[in-house]
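Worksheet: one structure, shown below.
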Amino acid sequence: MQATRLLLLVTQLERAGAQKVALMQARYFHQRGYKVTLCFFYDKYSLMEELSQQEAFSIVDLEAKSPQGSLIFNALCTLRAMWRLYRLLHREQIQVVETLTHYSNILGIVVAWLARVPVRVSSQRNTLSEFPRWFLAIDAGLVNSPLVDKMVMVSEQTRDFCVNIQRMKSEKLIVIPNGIDLTDFDVTRWSSEDLKMLRESLSIPLDAIVLITVGRLHPQKGHHYLIQAASTILSDYPQAVFLWVGDGGLRSELNQAIERAGIGGAFRLLGVRCDVPQLLALSTLFVLPSISEGMPNVVLEAMASGLPVVATAVDGTNSLVVAGQTGLLVPPRDSTELANAILELLADPERLQEMGEKAYERVRVQFSGEVMCQRYEAAIRTILEDKAIGTE
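Have a look at this one:
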């Protein structure tokens, strides 16, 4: 019997949560004997060549967007990409398509249906509370239709939003929490000398407290509230340094806000980095001031690195952080409470260390990448068996 042919589809290639989940799944299914294709609508940060050299399975860039392209040009590129995807699905006789991001959920599922791919699974990685109503309607309409066999939710809170707000059929939804590869975040991989050199390269004093935030520079992530909190924190801990990893449209605006607050010397806006595990290893505390989330991988990564977390009590995050045990949760959009929570932990180094140890243990037991991939495989195989499609 032939190997099951699986295509994983993501909107853009970048170093972000959905992309990491797709890559973990691709590696897992490839090792399990599936014929895997990992597909992206476009390569946002020119990572395609590097990724293709690292992996043994097929990786495809559909070239749906050009950074220099006009709106009309990119619209035409998107249509061409959909045609390329259609031909790819036909040529490779793909049996299962799994989409992992908002736009791939819509474009990819429709193309997969037109190409008569027998199993079509989409996923919701956060609530779409900030999306326009028309998008929510299309998203729910597809899930409730025969075009989608199942949609994976990363948390119960995301599922509740989809059922209660978007009116999705509950029987079409399954919950599979995100997971991570713990070996990637083993802090013992780096010697004290390695971390010292990294600090020096970032102009971070050896005795500085390091508060790290990882995420797109986007309004959803709430960076402005951390800037407001930073002034209070720096009055008590003037040696504190704020590392921000990630890029986005707010970069210039956030830089200006930091300079206006007169705290530019305490911030390092690092952009997109490939050494996030090492940056986590040299940090003291992880902070996520998001306004909304689905199930943020970055929180799992921080916990796997032994860091306590101060985050906003929004959907997804509050299912990861056990308040008072692995970190502290504060209301979103509240810079005062955010500052107070950070100061509370920094004032108690023993508690800080204990929370970090509990955070690591929680991820190890409940959120490993292996368990996540096994759950995806079980869901896919159930659909294949229900449709009497041969698997190996």
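Under our numbering, read the sequence shown as residues 1 to 392, first letter to last.
Yeah, the Cβ is synthetic: ideal placement off N, Cα and C, and Gly gets one too.
With 16 other Cβ atoms within 10 Å as the buried cut-off, status of residue i
i: W244; result: buried
i: E14; result: buried
i: F367; result: buried
i: A378; result: exposed
i: C274; result: exposed
i: R167; result: exposed
i: Q53; result: exposed
i: F286; result: buried
i: N126; result: buried
i: R91; result: exposed
i: I165; result: exposed
i: R189; result: exposed
i: S149; result: It is Asp, not Ser, that sits at residue 149 in the sequence shown. Burial call: buried.
i: M415; result: Outside the displayed span of the chain (1 to 392) sits residue 415, for which this structure offers no information.
i: T382; result: exposed
i: R87; result: exposed
i: R333; result: exposed
i: R159; result: buried
i: A75; result: exposed
Neighbourhood of residue i by C-beta distance below 7 Å, restricted to the same chain and skipping five residues each side
i: A81; result: F41, L62, E63, A64
i: G369; result: M24, G179, I180, D181
i: E130; result: Q220, S292
i: T284; result: I209, V210, L211
i: A240; result: A208, I209, L211, I233, L234, A266
i: E337; result: V330, P331
Alpha carbon of residue i to alpha carbon of residue j, nearest angstrom
i: T11; j: T101; result: 6 Å
i: S335; j: R5; result: 48 Å
i: R133; j: S292; result: 17 Å
i: V210; j: Y237; result: 11 Å
i: L343; j: S170; result: 42 Å
i: F267; j: L282; result: 15 Å
i: M372; j: G262; result: 44 Å
i: P214; j: D184; result: Looking at the sequence provided, one finds Val at residue 214 rather than Pro. Approximately 16 Å between the Cα atoms of the pair.
i: Q31; j: G249; result: 38 Å
i: E392; j: M48; result: Unreliable placement is indicated for E392, whose pLDDT of 48 sits below 50; the coordinate value is still reported in the next sentence. Distance between the alpha carbons of E392 and M48 is about 30 Å.
i: L114; j: D194; result: 52 Å
i: L7; j: E385; result: 18 Å
i: Y34; j: G265; result: 50 Å
i: Q157; j: A112; result: 28 Å
i: A136; j: L128; result: Per the sequence shown, the amino acid found at residue 136 is Leu instead of Ala. Distance between the alpha carbons of L136 and L128 is about 7 Å.
i: S192; j: L206; result: 11 Å
i: V363; j: F73; result: 44 Å
i: K387; j: V365; result: 34 Å
i: I59; j: A22; result: 11 Å
i: A341; j: A323; result: 11 Å
i: D247; j: S203; result: 20 Å
i: E301; j: Q68; result: 33 Å
Assumed close pair residue i, residue j - CB separation to whole angstroms, cut-off 8 Å
i: D43; j: S155; result: About 29 Å separates the two Cβ atoms, so there is no contact after all.
i: Q95; j: V121; result: At roughly 12 Å, the Cβ-Cβ gap does not stay under 8 Å, so Q95 and V121 are not in contact.
i: M355; j: T317; result: The Cβ separation is near 15 Å, so there is no contact.
i: N297; j: K20; result: 6 Å
i: L328; j: V310; result: 5 Å
i: H224; j: A257; result: 6 Å
i: S330; j: A313; result: Looking at the sequence shown, residue 330 is not Ser but Val. Confirmed, about 7 Å.
i: L38; j: F57; result: 6 Å
i: C162; j: Q124; result: 6 Å
i: P308; j: L279; result: The Cβ separation is near 16 Å, so there is no contact.
Spatial neighbours of residue i in its chain, beta-carbon cut-off 8 Å, leaving aside the 5 residues before and after
i: I106; result: I138, D139, L142
i: Y408; result: Outside the displayed range of the chain (1 to 392) lies residue 408, so it cannot be described from this structure.
i: R375; result: I176
Close beta carbons around residue i, own chain, < 6 Å, minus the five adjacent residues each side
i: I380; result: V96
i: G222; result: P289, S290, I291
i: A339; result: A229, T232, I233
i: E98; result: L8, V121
i: L270; result: V245
i: G17; result: N297
i: F29; result: L6, V36
i: D186; result: none
i: S70; result: none
i: Y103; result: T11
i: K358; result: Q325, T326
Q | Every unbroken beta strand (DSSP E) within the region 316-373, with a cutoff of 3 residues, ordered by chain | A | 327-330
Q) Of all the beta strand (DSSP E) runs that stay within the bounds of the region 171-200, which reach a length of 3 or more residues? A) Correct list: 173-175.
(Q) I'd like the ranges of any beta strand (DSSP E) spanning at least 3 consecutive residues and lying wholly in the region 35-89. (A) 35-43, 58-61
Q. Hey, which unbroken runs of the alpha helix (DSSP H) at 4 residues or more fall wholly within the region 221-297?
A. For the region 221-297, whole alpha helix (DSSP H) runs of length 4 or above, ordered along the chain, are 223-236, 251-260, 276-281.
Q) Can you list, in chain order, the stretches of the alpha helix (DSSP H) that have 4 or more residues and sit fully within the region 92-127? A) Correct list: 102-114.
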